[in-house]
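Here's the structure, in structure tokens; my notes come after.
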Amino acid sequence: MDSIVGENHSHKIPVIDFSNKELKPGSHVWSSTCEEIRHGLEEYGCFVVKYNYYETQIFSQSKDLFDLPVETKMKNVSEEPFRGYLGKKPQIPLYEGLAINKVTSLEEIKNDIVHSYAKQLALLEEMATILVFESYGVQKHWKTVEAVRNYVWSNDRIRACYHQVKFSGDGERYSMGMFTFTDGEIEVPQEFVDEEHPLLYNYPFDSRKYIQFYVTADEAKKTKNPIKAFFGV
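In UniProt numbering, the protein residues as written are 1 to 233.
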């Protein structure tokens, strides 16, 4: 189990076993998992997932991808931040990245192994989102992932955690990340706002504009809470 060590004590990041066959809606395991996920997100901004599905060829495929000529990799272009080919930069001379959009679409990704892996991660995201909704007692608002992405309702209860990777040695390290983005404007359901729970952000807002702000604005680089700087009340 991973841990976060403070000055005088150690805190444990919750480890959620999504392979547990008892993890079914209405079960005791389901209820306790809801609370564990909520605690992890509110306390640390994250939780660790344990899942027995693993595509063993995914990293060999990654190696084949990065072994392509630089000229070929640079053809993966995008005008959006954190997309396309990322590499050959003086500030990060040992880093290379290839960001590919819509990896849950086989037509876009054109690779069965990566597509299968991405679909499994998407299912995990969907289940985790349902569990979070239930932990806050707002499961009635859950329809599908697509239906809820345009809502922001944690009201500062959940924040992204600061994190970094430390790597020693002279070998190569391969990693994969999957991120979800929302098209269009985001807002908060009106029933979640009252005198005791006022709006903390100016809605609606565009998440892609926020990403652009995060990458380019000096104000975003100076603050520990760029999302508050972008559209906080």
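Glycine residues also receive a C-beta, built at the ideal position from the N, C-alpha and C atoms.
Looking at residue i: is its Cβ nearer than 8 Å to the Cβ of residue j?
i	j	result
leucine 41	isoleucine 130	no
valine 114	isoleucine 37	no
alanine 99	glycine 84	yes
aspartate 156	leucine 200	yes
valine 165	proline 81	no
phenylalanine 47	proline 25	no
methionine 176	serine 60	no
tyrosine 51	serine 19	yes
alanine 220	phenylalanine 231	no
phenylalanine 66	glutamate 96	yes
methionine 178	leucine 121	yes
Can you tell me whether residue i is helix, strand or coil according to DSSP?
i	result
aspartate 170	coil
phenylalanine 181	coil
valine 193	coil
tyrosine 214	helix
glutamate 146	The predicted model places glutamate 146 with a pLDDT of 46, which falls under 50 and marks its position as unreliable; any figure quoted below should be read in that light. In this structure, glutamate 146 counts as helix in the three-state DSSP scheme.
isoleucine 16	strand
glycine 232	strand
isoleucine 100	coil
glycine 40	helix
tyrosine 151	Low confidence applies to tyrosine 151: its pLDDT is 49, below 50, so where it sits in the model is not reliable enough to give any reading.
proline 204	coil
isoleucine 186	strand
leucine 86	strand
leucine 106	helix
isoleucine 92	strand
valine 77	coil
valine 49	strand
glutamate 219	helix
leucine 68	coil
tyrosine 162	coil
leucine 124	helix
leucine 131	helix
Label residue i either buried or exposed according to how many other C-beta atoms from any shown protein chain fall within 10 Å of its C-beta, with 16 as the threshold for buried.
i	result
lysine 75	exposed
threonine 33	buried
tyrosine 117	buried
isoleucine 92	exposed
lysine 73	buried
valine 233	exposed
With a threshold of 7 Å on Cβ separation, who are the neighbours of residue i within its own chain once the five nearest residues in sequence on each side are excluded?
i	result
threonine 180	Glu125
serine 135	Cys34, Glu35, Ile37, Arg38
threonine 223	Ala229
Who are the Cβ neighbours of residue i in its own chain at under 8 Å, not counting the five residues just before and after it?
i	result
valine 70	Gly87, Lys88
residue 237	There is no way to answer for residue 237, as the model of the chain reaches only from 1 to 233.
valine 29	Asn20, Glu22, Leu23
serine 202	Correcting the residue type first, residue 202 is asparagine in the shown sequence and not serine. Excluding residues within five positions, the ones whose Cβ falls inside 8 Å are Phe231, Gly232, Val233.
aspartate 112	Leu106
histidine 163	Cys46
threonine 104	His115, Ala118, Lys119, Ala122
Please confirm whether any heavy atom of the ligand GTP lies closer than 7 Å to the CB of residue i.
i	result
valine 165	In terms of ligand content, the structure shown is empty, and the ligand GTP therefore cannot be addressed.
Within the same chain, show all residues whose beta-carbon is closer than 6 Å to that of residue i, passing over the 5 residues directly before and after it, in chain order.
i	result
glycine 45	Arg159, Ala160, Cys161
arginine 173	Phe167
proline 226	Tyr214, Ala220
Original post:
If you pair each beta-carbon of the stretch 166-186 with each one of the stretch 207-218, do three or more pairs fall below 8 Å?
Top reply: yes
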